[in-house]
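Chemist: One structure, as structure tokens, below. Some questions next.
As structure tokens, then:
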């Protein structure tokens, strides 16, 4: 698939040449006006950080497209520009669902341009610039898909262009299942490593807790041994004190008995 596409719009026409759109006629877009719309939309979209555009943004897009790519066509309205962008996104999603390889050939002339716009290809051949001269870098695919889904749910209008009718919700569900499968099986080694880290942390916590309890028990046993030793020493000292007291009493009684015996012996001699 050729990723190149025209990078510029036809020469701007004078404002007096613009025609007011006839509501009774079908909205028609030339290839050049579509490419011009995509460039203006991309510039505004990236300036908004790929968020949902407001009504004033669509009014500015319609004005720029009408001025730059008017030619002999009628003035474009914000509703026409918004519906055309949504129709292009629907067509791109339909083509992407049919094509297994996004890089394979596609007969739709805007497929490459829409691929660069929505998928954020880093190899984009056209590097659009904003009104301030800032390079517009493509954002990740997830943000682009979010913008696509937002526009698809915000409006059910169609401009009557040759778009394929598909079940957008079914395609979105399929993308979500694929994303979930990719997220689940993206890195099994990382999940196993996280589980190992968690188990090791729990084991380390248990080891530290057991070590703390062991230290507490050892301290308690040491205090018990110290108290028993002190109690035994106190008992020994108390026994020694009792022994000394008994010895003192015995010595005292012995001295009294000796004095009494001496007195009795002295009295017997005198009588």
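In the UniProt record's numbering, the protein residues as written are 1 to 271.
Built from N, CA and C at the ideal position, the CB exists for glycine as well.
Please say whether residue 75 and residue 62 have beta carbons closer to each other than 9 Å?
Modeler: Here residue 62 refers to the residue found at position 62 when the chain shown is read from its first residue. Here residue 75 refers to the residue found at position 75 when the chain shown is read from its first residue. Yes, these two residues count as a Cβ contact at 9 Å.
Chemist: Is the separation between the beta-carbon of residue 31 and that of residue 109 shorter than 9 Å?
Modeler: As a first step, residue 31 must be located in the chain shown, where it is residue number 31. As a first step, residue 109 must be located in the chain shown, where it is residue number 109. Remark: C-beta atoms of residue 31 and residue 109 approach each other more closely than 9 Å.
Chemist: Helix, strand or coil for residue 49? Go by DSSP, reduced to three states.
Modeler: The residue given as residue 49 occupies position 49 in the chain shown. In the structure shown, residue 49 sits in coil (DSSP, three-state: anything other than H, G, I, E or B).
Chemist: Count the other CB atoms, across all protein chains shown, that sit within 10 Å of the CB of residue 112; report buried if there are 16 or more and exposed otherwise.
Modeler: Counted from its first residue, the chain shown places residue 112 at position 112. Residue 112 is buried by the Cβ-count criterion.
Chemist: What's the call for residue 210, buried or exposed, on a 16-neighbour Cβ count within 10 Å?
Modeler: If you number the chain shown from 1, residue 210 lands on position 210. Exposed: under 16 other Cβ atoms inside 10 Å.
Chemist: Does the Cβ of residue 86 have 16 or more other Cβ atoms within 10 Å, making it buried, or fewer, making it exposed?
Modeler: Reading the chain shown from its first residue, position 86 is the one you call residue 86. Buried, because 16 or more other Cβ atoms sit within 10 Å of the Cβ of residue 86.
Chemist: To test your reading of the DSSP string, which unbroken alpha helix (DSSP H) runs of 4 or more residues are found completely within the segment 192-219?
Modeler: none
Chemist: Please work out which residues of its chain come closer than 6 Å, Cβ to Cβ, to residue 235, disregarding the five sequence neighbours upstream and downstream, and give them in chain order.
Modeler: Translated into positions along the chain shown, residue 235 becomes position 235. Contacts found: none.
Chemist: Beta carbon of residue 80, beta carbon of residue 40: below 9 Å?
Modeler: Within the chain shown, the letter at position 80 stands for residue 80. Within the chain shown, the letter at position 40 stands for residue 40. If you check the CB distance, residue 80 and residue 40 do not come in under 9 Å.
Chemist: Quick check: what's the CA-CA separation for residue 256 versus residue 267?
Modeler: As a working note, residue 256 is residue 256 in the chain shown. As a working note, residue 267 is residue 267 in the chain shown. The straight-line gap from Cα to Cα measures roughly 17 Å.
Chemist: Decide if residue 114 is buried, meaning its Cβ has at least 16 other Cβ atoms within 10 Å, or exposed.
Modeler: Here the question's residue 114 lines up with position 114 in the chain shown. That one is buried.
Chemist: Locate the alpha helix (DSSP H) running through residue 59, then write down its first and last residues.
Modeler: Locating residue 59 in the chain shown gives position 59, counting from the first residue. Per DSSP, residue 59 is one residue of the alpha helix (DSSP H) stretching across 55-68.
Chemist: For residue 107, name the three-state secondary structure that DSSP assigns.
Modeler: Counted from its first residue, the chain shown places residue 107 at position 107. Residue 107 sits in coil when the DSSP states are folded into three classes, being neither helix nor strand.
Chemist: Tell me whether residue 65 is buried or exposed, calling it buried when 16 or more other Cβ atoms sit within 10 Å of its Cβ.
Modeler: Within the chain shown, the letter at position 65 stands for residue 65. That one is buried.
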